[in-house]
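Residue numbers (my numbering): 1 to 298. Beta carbons: idealized from backbone N, C-alpha and C, even for Gly. These numbers come from a predicted model, not from an experiment.
Set out below in structure tokens:
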């Protein structure tokens, strides 16, 4: 069973990064990204220095280079393309496919706990990882992200499982499209350019992207940390799906960058010791465990 969702929301994809001097124009003025008062002060600075509008705005601290880049993209129409109007979302996303079920209710209970104990404390990101392979981390990450978006929380779901990604299939996204590996491999100059925006209302997604030879190196790079910092300014919460921790060091690496982790274990699958071991490994990676979930979904 699949759930069909109709959407006309945009998604960020590849753009041409070449072009004129980023600060040479007045994109901030033309897109209305500054207040009238700020625009007036920028124009006064222009008269004094002869600088462009955008350069003067950055000099005065009213905008960053990222703001100017976004404004230019908006003007050029290159920031967004249309998502296929009928996304076929997997029945695994039970908060959509079977919202009255006990499984969906369990996800909503988890959502309540995450909001109260994690987001309520000002923490805005966490990794989701299984203690052993087959724990169901992707299922929990996808459903929790969708559930958070349903209550108006601006949510970003990142598929950081670069070895066996599943988020694209769960949300009907192009498995050959741009994603996290595109940004980390320098195929896109900013992480926002591989974000599929508003796949559902308030839910944006970065899929894993094309396969790469050495995912651990990419996730350990300064670029991953820098991109994460940029994205956290734009969303209320970012959830990172990761491989199970017994397979490789990817989950520990991602959790160490974002600072927090949610552990997933499946009933009758693995041992209690596995969760305890993973908790210690996460602590050694400078990641705090925000909780553990016993997953019954099959």
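Reference residue i, options the options, closest by Cα
| i | options | result |
| --- | --- | --- |
| residue 242 | 60, 155, 163 | 163 |
| residue 265 | 259, 142, 222, 278 | 278 |
| residue 291 | 143, 129, 56 | 129 |
| residue 204 | 150, 57, 97 | 150 |
| residue 198 | 116, 101, 173 | 173 |
| residue 202 | 182, 123, 293, 238 | 238 |
| residue 189 | 210, 240, 223 | 223 |
| residue 216 | 54, 91, 185, 267 | 185 |
| residue 212 | 273, 246, 176 | 176 |
| residue 218 | 261, 160, 61 | 160 |
| residue 152 | 115, 123, 260 | 115 |
Boundaries (first-last residue) of the beta strand (DSSP E) holding residue i
| i | result |
| --- | --- |
| residue 126 | 125-130 |
| residue 159 | 155-159 |
| residue 198 | 196-200 |
| residue 103 | Counting along the chain, residue 103 falls outside any beta strand (DSSP E), though it belongs to the alpha helix (DSSP H) covering 102-117. |
| residue 291 | 288-295 |
| residue 203 | 203-206 |
Between the CA atoms of residue j and residue i - distance to the nearest angstrom
| i | j | result |
| --- | --- | --- |
| residue 178 | residue 47 | 42 angstroms |
| residue 77 | residue 284 | Any reading at residue 77 is ruled out, since the residue's pLDDT is 48, under 50, leaving its predicted position unreliable. |
| residue 50 | residue 68 | 18 angstroms |
| residue 120 | residue 256 | 21 angstroms |
| residue 45 | residue 56 | 6 angstroms |
| residue 118 | residue 52 | 43 angstroms |
| residue 84 | residue 196 | Any reading at residue 84 is ruled out, since the residue's pLDDT is 45, under 50, leaving its predicted position unreliable. |
| residue 165 | residue 182 | 14 angstroms |
| residue 289 | residue 141 | 15 angstroms |
| residue 36 | residue 64 | 18 angstroms |
| residue 108 | residue 247 | 29 angstroms |
| residue 225 | residue 133 | 26 angstroms |
| residue 38 | residue 97 | 47 angstroms |
| residue 102 | residue 281 | 32 angstroms |
| residue 251 | residue 62 | 37 angstroms |
| residue 296 | residue 234 | 33 angstroms |
Contact belief for residue i with residue j at Cβ below 8 angstroms, rounded distance in angstroms
| i | j | result |
| --- | --- | --- |
| residue 170 | residue 220 | That belief does not hold up - the Cβ atoms of residue 170 and residue 220 are roughly 26 angstroms apart, past 8 angstroms. |
| residue 144 | residue 110 | 6 angstroms |
| residue 261 | residue 127 | 5 angstroms |
Pair within 8 angstroms by beta-carbon distance, residue i and residue j
| i | j | result |
| --- | --- | --- |
| residue 88 | residue 146 | no |
| residue 287 | residue 131 | no |
| residue 208 | residue 236 | no |
| residue 191 | residue 227 | yes |
| residue 156 | residue 231 | yes |
| residue 254 | residue 263 | no |
| residue 125 | residue 293 | no |
Boundaries (first-last residue) of the alpha helix (DSSP H) holding residue i
| i | result |
| --- | --- |
| residue 224 | 222-232 |
| residue 262 | Not the alpha helix (DSSP H): residue 262 falls in the beta strand (DSSP E), residues 260-266. |
| residue 240 | Careful: residue 240 lies outside any alpha helix (DSSP H), inside the beta strand (DSSP E) at 237-241. |
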